[in-house]
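*Asks:* Before anything else, here's the structure in question.
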Amino acid sequence: GDSVTQMEGPVTLSEEAFLTINCTYTATGYPSLFWYVQYPGEGLQLLLKATKADDKGSNKGFEATYRKETTSFHLEKGSVQVSDSAVYFCALSEGGSQGNLIFGKGTKLSVKP
Amino acid sequence: EPEVTQTPSHQVTQMGQEVILRCVPISNHLYFYWYRQILGQKVEFLVSFYNNEISEKSEIFDDQFSVERPDGSNFTLKIRSTKLEDSAMYFCASRTPLSVRVHEQFFGPGTRLTVL
Chain U
1 GDSVTQMEGP
11 VTLSEEAFLT
21 INCTYTATGY
31 PSLFWYVQYP
41 GEGLQLLLKA
51 TKADDKGSNK
61 GFEATYRKET
71 TSFHLEKGSV
81 QVSDSAVYFC
91 ALSEGGSQGN
101 LIFGKGTKLS
111 VKP
Chain C
1001 EPEVTQTPSH
1011 QVTQMGQEVI
1021 LRCVPISNHL
1031 YFYWYRQILG
1041 QKVEFLVSFY
1051 NNEISEKSEI
1061 FDDQFSVERP
1071 DGSNFTLKIR
1081 STKLEDSAMY
1091 FCASRTPLSV
1101 RVHEQFFGPG
1111 TRLTVL
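Chains U and C, in that order, give the protein sequences. Going by the working numbering, the residue at position 78 of the first sequence is 78; the numbering climbs one at a time, nothing skipped. Going by the working numbering, the residue at position 59 of the second sequence is 1059; the numbering climbs one at a time, nothing skipped.
Next comes the structure, spelled out in structure tokens:
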């Protein structure tokens, strides 16, 4: 079945460092891809999405490009801030009317000042 | 800004007891979901609900689970006889039916269920 694999955490970075969180997927069709973020004590929030190959999703300085050839959707940010400390989840949806999400395990990011 | 709310934030129960987890989705949303995350594991889909009936469910969602929309605002998940392995964070989500945002689900903060 469909699945999402993302890099194990935790990831600890200094402020202004470059961030990459790897995500790869397995899907039978042409899924939409998402990054969700969970700040401490809060629910999952959609960070960015891409619905077809070569699309780039971006938000709050984060970017991810839908790479069909490598089945990847890696999350990047050029300069992280302490406020980016959170758990990041990669997810896919095969679409259809229900749009059920399949998540990766989550990667905890800690940014130190 | 409208948001999905969940109560309680933490529920502790004894094995074999029934629990009801409550969610208030965003008011104009028509699709509703429950997910769960066992500590250290993936967020897993449990069930989706539309037009007052279950539209899809995972193999996790067995006869011990049920969902209901008892009125125009609440969406509940009931676990009939809890097991130790039901201990997890349970997330409710909802989305609009608009096709342009068909995949954007809005999540609540979760209910942490601890079964002793």
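Each residue gets a CB set at the ideal place from its N, CA and C atoms; glycine is no exception.
#1: Between the alpha carbons of L44 of chain U and V37 of chain U, how many angstroms are there, rounded?
#2: Below 7 Å on C-beta distance, what does G1108 of chain C contact in chain U?
#3: In the DSSP assignment, what are the bridge partners of L92 of chain U?
#4: Could you check whether the Cβ of K1042 of chain C sits closer than 7 Å to any Cβ belonging to chain U?
#5: Between the C-alpha atoms of S1009 of chain C and E1068 of chain C, what's the straight-line distance to the nearest angstrom?
#6: Considering only the alpha carbon of each residue, which of C:N1052, C:E1003, C:S1058, C:V1004 lies closest to P1070 of chain C?
#7: Quick one: grab the DSSP three-state call for E1085 of chain C.
#8: Take L1021 of chain C and list the residues in its own chain whose beta-carbon comes closer than 6 Å to its own, dropping the five residues that flank it on each side.
#9: Going by DSSP, which residues form a beta bridge with Q1006 of chain C?
#10: Do we get a CB-CB distance below 7 Å when we pair S1048 of chain C with the residues of chain U?
#11: Using a Cβ cut-off of 7 Å, pull out every chain U residue sitting near Q1011 of chain C, in sequence order please.
#12: So the candidates are U:S79, U:K68, U:H74, U:D54; which of them puts its Cα closest to the Cα of T107 of chain U?
#13: E69 of chain U to F1061 of chain C, Cα distance in whole Å?
#14: For K105 of chain U, go through chain C and note every residue whose CB falls closer than 7 Å to its CB, in chain order.
*Replies:* Per the coordinate set shown:
#1: Position 44 of the first sequence, counted from the start, is the residue given in the question as residue 44 of chain U. Position 37 of the first sequence, counted from the start, is the residue given in the question as residue 37 of chain U. If I take the Cα positions, the gap works out to 6 Å.
#2: Taking the first residue of the second sequence as 1, we reach residue 1108 of chain C at position 108. Within chain U, the residues near G1108 of chain C are G43.
#3: Against the first sequence, residue 92 of chain U aligns to sequence position 92. U:L33, U:I102, per the DSSP bridge assignment.
#4: Here residue 1042 of chain C refers to the residue found at position 42 of the second sequence. At least one CB of chain U lies nearer than 7 Å to the CB of K1042 of chain C.
#5: Position 9 of the second sequence, counted from the start, is the residue given in the question as residue 1009 of chain C. Position 68 of the second sequence, counted from the start, is the residue given in the question as residue 1068 of chain C. Their Cα atoms are separated by approximately 19 Å.
#6: Position 70 of the second sequence, counted from the start, is the residue given in the question as residue 1070 of chain C. Of all alpha-carbon atoms in C:N1052, C:E1003, C:S1058, C:V1004, the one lying nearest the alpha-carbon of P1070 of chain C is that of C:N1052.
#7: For the purposes of this step, residue 1085 of chain C is taken as the residue at position 85 of the second sequence. Reduced to three states, the DSSP call for E1085 of chain C is helix.
#8: Here residue 1021 of chain C refers to the residue found at position 21 of the second sequence. Hits under 6 Å: L1077, Y1090, T1111.
#9: In the second sequence, residue 1006 of chain C corresponds to position 6, counting from 1. C:C1023, per the DSSP bridge assignment.
#10: The count along the second sequence starts at 1 and reaches residue 1048 of chain C at position 48. Yes, its Cβ sits closer than 7 Å to a Cβ of chain U.
#11: Against the second sequence, residue 1011 of chain C aligns to sequence position 11. Contacts between Q1011 of chain C and chain U, judged by CB atoms closer than 7 Å, are missing: the closest CB pair is about 16 Å apart.
#12: Numbered from its first residue, the first sequence carries residue 107 of chain U at position 107. When each option's Cα is compared against that of T107 of chain U, the closest is U:H74.
#13: In the first sequence, counting from the first residue as 1, residue 69 of chain U sits at position 69. In the second sequence, counting from the first residue as 1, residue 1061 of chain C sits at position 61. About 34 Å.
#14: Here residue 105 of chain U refers to the residue found at position 105 of the first sequence. In chain order: Q1041, K1042.
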